[in-house]
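Take the sequence shown: its position 300, counted from the start at 1, is 542 in the numbering used here, and no numbers get skipped.
Ideal Cβ positions, reconstructed from N, Cα and C, are used throughout, including at glycine.
This structure is a prediction, so every number in the text was calculated from the model and none was measured.
Here's the structure we're looking at; comments come further down.
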Amino acid sequence: MRRKICQIIPTLDQGGAEKQMSLLACHLDKQQFESHVVVLTRSGPLEPTLRDAGVYVHLIGKRNKLDPTALSRLTRKLREIAPDVVHTWLFAANSYGRWAAWRAGVPVIVAGERCVDPWKSWWHYAIDRRLLRSTNTIVTNTTAVSSFYAQHGIPRESFTVIPNAVLPNTQTALSRQELFKRLRIEPRGRVVGAVGRLWKQKGYRDLIWAGELLRVAYRDVYLLILGDGPDREALRAFRDRTGSFDAVRLVGHRSDAAELMSTFDVLWNGSLYEGQSNTILEAMTLGIPTVATNIPGTRDLIEHAKTGYLYPAGDLGALTRSTVALLQDDRLRAQMGEQARLRAIQYFSLEQMVQSHERLYLRLLDSR
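Below, the structure is given as structure tokens:
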């Protein structure tokens, strides 16, 4: 008899946690597991992918932060599904999902913490600690997250570390000519890129400043920022005030982001805190070296001066110097990119991530 595994997540947007959850749910061994996804708040672009893979998708429709009717609906849905394992992702699902799973009598409850979360207040951590009593383990993608939560009263031994996964690159690289044509911008010789949600955590103001500094060394360079978010207009205004309009282009959300990314010479990642960046992993599979902030989580991905460069957050000089070193040396850039690609294959494969979860689920079920 197949075991029922139920993932619970707030939305099916294309964020980092959502992508990892989708990869896991779609690729669990169908001979051993029946895969369900319960969406707490709203659906999103990942729903067709899940359904096409034979995953059962259930929508709860939570209307606001405190919605007791959603808890009741979620509990009823879990009693209907009768899963062997519930695996929750992100704070809202960790809270509602674990409580509902406990009420529904689910045998194994697994939580998921995907990022260092300095935005949380005391009551968030109080909820996390209270729900730990009904949690078999908390899956995270890096020891940086378990170390962070240990400082807030959740023991390290409560965590199981399973790194993120990235699919191997199978697409044909886009030509530079096609890149400039799609974006309707004047052709240039060098392209540095950044990809992600436009908000404070991602450090885009520093990247915009550094984009202007980079123009001192390379007049024919673009910094292309792909993504959307709540800080879009503020960042656009900041870019214009720095006089960087010609050097820094905020491209917005693109459905062809992966293709555009394949044209980058270097990826920038300026996150102030992170779990484990999907964007960096995707760049690694494309053979693109990354220059990123030296923060926990990112250090698990980038080997400094081997697969890319790490710089202290806020040190725009170090960011610019490392980038110039890569742009002016084609051989160095190619060597680092290839080392990054091999590292992604060796340590962050889909098979490793999925099999680690499968072993965890079975071990927890067998130990009941």
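Which of helix, strand or coil DSSP assigns to residue i
i: residue 614; result: As displayed, the chain neither begins before 243 nor continues past 610, which places residue 614 out of reach and without an answer.
i: residue 534; result: strand
i: residue 310; result: helix
i: residue 432; result: strand
i: residue 464; result: strand
i: residue 546; result: strand
i: residue 522; result: helix
i: residue 551; result: strand
i: residue 440; result: coil
i: residue 494; result: strand
i: residue 412; result: coil
i: residue 427; result: coil
i: residue 540; result: helix
i: residue 505; result: coil
i: residue 469; result: coil
i: residue 319; result: helix
i: residue 515; result: coil
i: residue 339; result: helix
i: residue 528; result: coil
i: residue 345; result: helix
i: residue 417; result: coil
i: residue 500; result: helix
i: residue 407; result: coil
i: residue 474; result: helix
Start and end residues, beta strand (DSSP E) containing residue i
i: residue 510; result: 508–511
i: residue 301; result: 298–301
i: residue 402; result: 401–403
Extent of the continuous alpha helix (DSSP H) run through residue i
i: residue 564; result: 558–569
i: residue 577; result: 572–589
i: residue 366; result: 364–373
i: residue 277; result: Looking at the DSSP string, residue 277 is not in any alpha helix (DSSP H); the run it does join, the beta strand (DSSP E), is 275–284.
i: residue 447; result: 446–459
i: residue 387; result: 385–392
i: residue 291; result: 289–294
Contacting residues, own chain, Cβ-Cβ under 8 Å from residue i (five flanking each side not counted)
i: residue 485; result: 454
i: residue 480; result: 447 and 450
i: residue 574; result: 567 and 568
Nonlocal neighbours in the same chain, by C-beta distance under 7 Å from residue i, ignoring five residues either side
i: residue 325; result: 246, 247, 248, 278 and 348
i: residue 371; result: 395 and 396
i: residue 323; result: 246, 248 and 278
Per DSSP, cross-strand counterpart(s) of residue i
i: residue 487; result: None; residue 487 has no bridge partner.
i: residue 606; result: DSSP, once it has assigned bridges, lists no residue as partnering residue 606.
i: residue 246; result: 276
i: residue 259; result: Answer by DSSP bridge pairing: none, since residue 259 is not bridged.
i: residue 328; result: 248 and 351
i: residue 381; result: 354 and 402
i: residue 253; result: 284
Nonlocal neighbours in the same chain, by C-beta distance under 6 Å from residue i, ignoring five residues either side
i: residue 411; result: 527 and 528
i: residue 258; result: 520
i: residue 281; result: 254 and 301
i: residue 369; result: 337
i: residue 252; result: 282, 283, 332, 334 and 335
Take every Cβ of the region 374–384, pair it with every Cβ of the region 546–556, and state whether three or more of those distances are shorter than 8 Å. no
Pair every Cβ in the region 515–523 with every Cβ in the region 487–497, then say whether three or more of these pairs are closer than 8 Å. Contact between the region 515–523 and the region 487–497 is not established, with fewer than three Cβ pairs separated by less than 8 Å.
Under 8 Å, with one C-beta from each stretch per pair, do the region 433–441 and the region 456–471 reach the 3-pair mark? yes
Quick check: the region 589–596 against the region 389–407, are at least 3 beta-carbon pairs closer than 8 Å? yes
Three CB pairs or more closer than 8 Å across the region 439–458 and the region 418–430: no
I want to know whether the region 353–368 touches the region 330–340 - three or more CB-CB distances under 8 Å. yes
The region 284–293 touching the region 310–327, judged by at least three CB pairs closer than 8 Å: no
Does the region 291–301 touch the region 255–270, meaning 3 or more C-beta pairs lie closer than 8 Å? yes
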